[in-house]
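Undergrad: Taking our numbering, the leading residue of the sequence shown gets 572, the next gets one more, and so forth. By construction, the Cβ of each residue, glycine as well, lies at the ideal position given by its N, Cα and C atoms. Computed from a prediction, not measured in an experiment: that's the story for all the values here. My structure is below; once you've seen it, I'll send some questions.
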Amino acid sequence: MRGQQYVYADTGIPLLVTYHPAYLLRSPLEKRRAWADLLQAKKLVAARGRP
572 MRGQQYVYAD TGIPLLVTYH PAYLLRSPLE KRRAWADLLQ AKKLVAARGR P
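See the structure below:
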């Protein structure tokens, strides 16, 4: 599921799946992937523009 964009129900709201913060505390090597997820979310928000 991670790394793909989804749409929440029938709302048209984009959704990205990432790691739970507790998992990142236990697995610090996964922080790079979580950061990549946040950068992808930032691009998604920028592409959609402001409401």
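Three Cβ pairs or more, each shorter than 8 angstroms: is that satisfied between the stretch 594 to 601 and the stretch 572 to 580?
TA: no
Undergrad: Among residues of its own chain, excluding the 5 on either side of P585, which ones have a beta-carbon nearer than 8 angstroms to its beta-carbon?
TA: Q576, Y577, V578, Y579, L615 and R619
Undergrad: Of all the alpha helix (DSSP H) runs that stay within the bounds of the stretch 575 to 615, which reach a length of 4 or more residues?
TA: 592 to 597
Undergrad: Give me the Cβ distance between A612 and L587, rounded to the nearest whole Å; I'm assuming they're in contact under 8 angstroms.
TA: 5 angstroms
Undergrad: How long is the line joining the alpha carbons of L600 and Y590, rounded to whole angstroms?
TA: 12 angstroms
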